[in-house]
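One structure is given here, and the rest of the page talks about it.
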Amino acid sequence: MTTFMQDHMDAQQLLPWLANGTLADPERTRVQAHLEACAECRAELSLLHTLRGAGEGGVPGCDVDGALARLMPQLDAPAVLPAPSATGNPATVPRTWRNRLAANDRHWLRTGVALQFCVIVALGILLAKSPAAPESRSGDYRVLAATPAARTGLVVSFTPDTPERELRRILHASGARVVGGPTATGVWLLETEAAPASVLTRLRAEPAVTLAESLGEGRP
Amino acid sequence: MRTPCLDRQPDNFATLARTAEGEVRLIGLVTAGDRRAFEALYRAYFPRLTRFLHRMTRNPMLIEEIVNDTLLAVWRKAATFDGSSKVSTWVFAIAYRRACKTLQGFDEPVEAHIDEREGVDADRPEWQFDQQRMAQAVETALAALPLAQRTAFQLTFYHDMSYTEIAEIMDCPVNTIKTRLFHARKRLAFLLEGQLEGRP
Chain H
1 MTTFMQDHMD
11 AQQLLPWLAN
21 GTLADPERTR
31 VQAHLEACAE
41 CRAELSLLHT
51 LRGAGEGGVP
61 GCDVDGALAR
71 LMPQLDAPAV
81 LPAPSATGNP
91 ATVPRTWRNR
101 LAANDRHWLR
111 TGVALQFCVI
121 VALGILLAKS
131 PAAPESRSGD
141 YRVLAATPAA
151 RTGLVVSFTP
161 DTPERELRRI
171 LHASGARVVG
181 GPTATGVWLL
191 ETEAAPASVL
201 TRLRAEPAVT
211 LAESLGEGRP
Chain D
1001 MRTPCLDRQP
1011 DNFATLARTA
1021 EGEVRLIGLV
1031 TAGDRRAFEA
1041 LYRAYFPRLT
1051 RFLHRMTRNP
1061 MLIEEIVNDT
1071 LLAVWRKAAT
1081 FDGSSKVSTW
1091 VFAIAYRRAC
1101 KTLQGFDEPV
1111 EAHIDEREGV
1121 DADRPEWQFD
1131 QQRMAQAVET
1141 ALAALPLAQR
1151 TAFQLTFYHD
1161 MSYTEIAEIM
1171 DCPVNTIKTR
1181 LFHARKRLAF
1191 LLEGQLEGRP
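Chains as they are written, first to last, in my numbering: chain H, 1 to 220; chain D, 1001 to 1200.
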């Protein structure tokens, strides 16, 4: 590409700013030097002057005093909230809405994090105040690993002809459960968390029971 | 929070608003909360901004709202003006951003796509020799340009801004501004073909 063509292309791009007087050196000197040798660029510059002179455009019917009067009261409004629409045009409402709900809105986020912190603290306090030994209350759910209440060991024996169904009924009604046996002598080992005296009373009332004795309080 | 001002007469504030250096002083006073200085700045920029925005929307109330939105931002952010650019560049950049955002929110026709229009030749303004008709023809042709080209053209020819200032206002590289203006001129030459011949 020749130097003239390069200068021509540069000048073509820079002519608008030569026309408005803002082109600075060294570009201005270079473009002006090119203009002396280029009729096309001189014609283009003339055209730009024409456009510049002709196209100021209409002036909108705006009222500076009215607009300023609407703005002045907003100067003291906090900058956090966008100023309300002076025209009352509803189209501004959803835009403000979306902006305030945006996840990157620092003010919204700050409030959200503060609330979250308060909820965590409240839950922590509730947790700290919860009962230490829930199994001590009757009817509470107790897991297998929970600390057992005190149990009493019992021994019981039945008449040899007691059917298995009758044996189950007697044990169920007594409130004790089998933990061992029968031994070689036909004795069953029982365990109960209820009062041993009442369990023994119920067992001894059964005709099929030949022996019912307490072994004393066992493991807790 | 107000700084002492040597002379608070409105006329003096208005005088300050006539030069770039004076505008910087006004911004300093606005930073300190001086409402008289702000009013002077407001009155100086109102006609310039309304004229600028008039090419983006013809709704006067909307133009006033964007101007107020812009100058409210100037009031609140005056302390952030660091003097690295002219006050006018800073203010116009705010106005341009606010206008683009507002007009998108309103579904305003901010950009005319001439290629999508039928009968381009039929839209060409008729040849008129008087200045008023010529101005109308240029106005019509400018309205047919895409917003980015129209804005670059307008800031160059009707607000006398340098390409670096326009690049800053429109937040794009200088070469993009030069290219936009080059295409804008070619488009205008096409639209005004025959009407500019022989004119001074």
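Here a beta-carbon is modelled for each residue, glycine too, at the ideal position from N, C-alpha and C.
DSSP three-state label for residue i, please.
{"i": "H/R42", "result": "helix"}
{"i": "H/L126", "result": "helix"}
{"i": "D/G949", "result": "Nothing about residue 949 of chain D can be read from this structure; chain D reaches only from 1001 to 1200."}
{"i": "D/A1144", "result": "coil"}
{"i": "H/L23", "result": "coil"}
{"i": "H/A54", "result": "helix"}
{"i": "H/A212", "result": "strand"}
{"i": "H/G153", "result": "strand"}
{"i": "H/G61", "result": "coil"}
{"i": "D/T1102", "result": "helix"}
{"i": "D/R1055", "result": "coil"}
{"i": "D/A1095", "result": "helix"}
{"i": "D/P1047", "result": "helix"}
{"i": "H/A77", "result": "coil"}
{"i": "D/A1017", "result": "coil"}
With a threshold of 8 Å on Cβ separation, who are the neighbours of residue i within its own chain once the five nearest residues in sequence on each side are excluded?
{"i": "H/G186", "result": "S157, F158 and P160"}
{"i": "D/V1030", "result": "A1037, F1038, L1041, V1074, W1075 and A1078"}
{"i": "D/E1023", "result": "L1016, A1017, L1041, A1044, K1086, V1087 and S1088"}
{"i": "H/L203", "result": "L154, V156, I170, S174, A176, V209 and A212"}
{"i": "H/G216", "result": "T152 and G153"}
{"i": "H/P78", "result": "none"}
{"i": "H/H23", "result": "Reading off the sequence, residue 23 of chain H comes out as Leu, not His. Taken in chain order, the residues that qualify are L14, W17 and V31."}
{"i": "H/G225", "result": "Nothing in the structure corresponds to residue 225 of chain H, since chain H is present only between 1 and 220."}
{"i": "D/D1069", "result": "R1098 and T1102"}
{"i": "D/D1161", "result": "Checking the sequence shown, residue 1161 of chain D turns out to be Met, not Asp. Correct list, in chain order: S1088, T1089, F1092, L1155 and I1169."}
Taking 6 Å as the limit between beta carbons, can you name the residues of its chain near residue i, skipping five residues before and five after?
{"i": "D/A1020", "result": "K1086"}
{"i": "H/L35", "result": "C41 and R42"}
{"i": "D/A1122", "result": "Confidence at D/A1122 is low in this model, with a pLDDT of 39, below 50, so the placement of that residue should be treated as unreliable; the coordinate-derived value is given next. None."}
{"i": "H/E206", "result": "I170"}
Would you give the residue range spanned by the alpha helix (DSSP H) that residue i belongs to?
{"i": "D/N1068", "result": "P1060 to K1077"}
{"i": "H/H34", "result": "E27 to A37"}
{"i": "D/A1032", "result": "No alpha helix (DSSP H) holds D/A1032; DSSP gives it neither H nor E."}
{"i": "H/R70", "result": "V64 to L71"}
{"i": "H/H8", "result": "T3 to A19"}
{"i": "D/F1081", "result": "Run containing D/F1081: none; DSSP gives neither H nor E here."}
{"i": "D/Y1158", "result": "Per DSSP, D/Y1158 belongs to no alpha helix (DSSP H) and is neither H nor E."}
{"i": "D/T1164", "result": "Y1163 to M1170"}
{"i": "D/R1185", "result": "V1174 to L1191"}
Can you list, in chain order, the residues of its chain whose CB lies under 7 Å from that of residue i, leaving out five sequence neighbours each side?
{"i": "D/Q1128", "result": "Any reading at D/Q1128 must be qualified, since the residue scores a pLDDT of 42, below 50, and its modelled position is unreliable; no value is offered."}
{"i": "D/T1156", "result": "I1166 and L1181"}
{"i": "D/V1174", "result": "Y1163, T1164 and A1167"}
{"i": "H/V199", "result": "L154, S174, G175, A176 and T192"}
{"i": "D/I1169", "result": "T1089, F1092, A1093, Y1096 and L1155"}
{"i": "D/F1046", "result": "V1067"}
{"i": "H/P182", "result": "W188"}
{"i": "H/H49", "result": "A19"}
Can you pull the chain B neighbours of residue i, defined as C-beta to C-beta under 8 Å?
{"i": "D/R1035", "result": "In summary, chain B is missing from the structure at hand, where the protein chains are H and D."}
Which residues of the region 60-76 of chain H have a Cβ closer than 8 Å to any Cβ of chain D? Give them in chain order. P60, G61, C62, D63, V64, G66, A67, L68, R70, L71, M72, Q74 and L75
Members of the region 1039-1071 of chain D that neighbour chain H once the beta carbon cut-off is set at 8 Å: E1039, Y1042, R1043, F1046, P1047, T1050, R1051, L1053, H1054, R1055, R1058, P1060, M1061, L1062, I1063, E1064, E1065, V1067, N1068, D1069 and L1071
Members of the region 1133-1150 of chain D near chain H, C-beta cut-off 7 Å: M1134, A1135, V1138, E1139 and L1142
Sequence ranges, alpha helix (DSSP H) only - wholly within the region 156-205 of chain H, length at least 4: 164-174 and 196-204
Which residues, in chain order, does the region 1152-1173 of chain D contribute to contact with chain H at a C-beta distance below 7 Å? T1156, F1157, Y1158, D1160, M1161, S1162 and Y1163
Output needed in chain order: residues of the region 7-30 of chain H with a Cβ under 8 Å from some Cβ in chain D. Q12, Q13, L14, P16, W17, A19, N20, G21, T22, L23 and A24
When Cβ atoms are compared, which residues of the region 1072-1097 of chain D fall closer than 8 Å to chain H? L1072, W1075 and R1076
Identify each residue in the region 1174-1185 of chain D for which the Cβ-Cβ distance to at least one residue of chain H is less than 7 Å, and report them in chain order. K1178, L1181 and F1182
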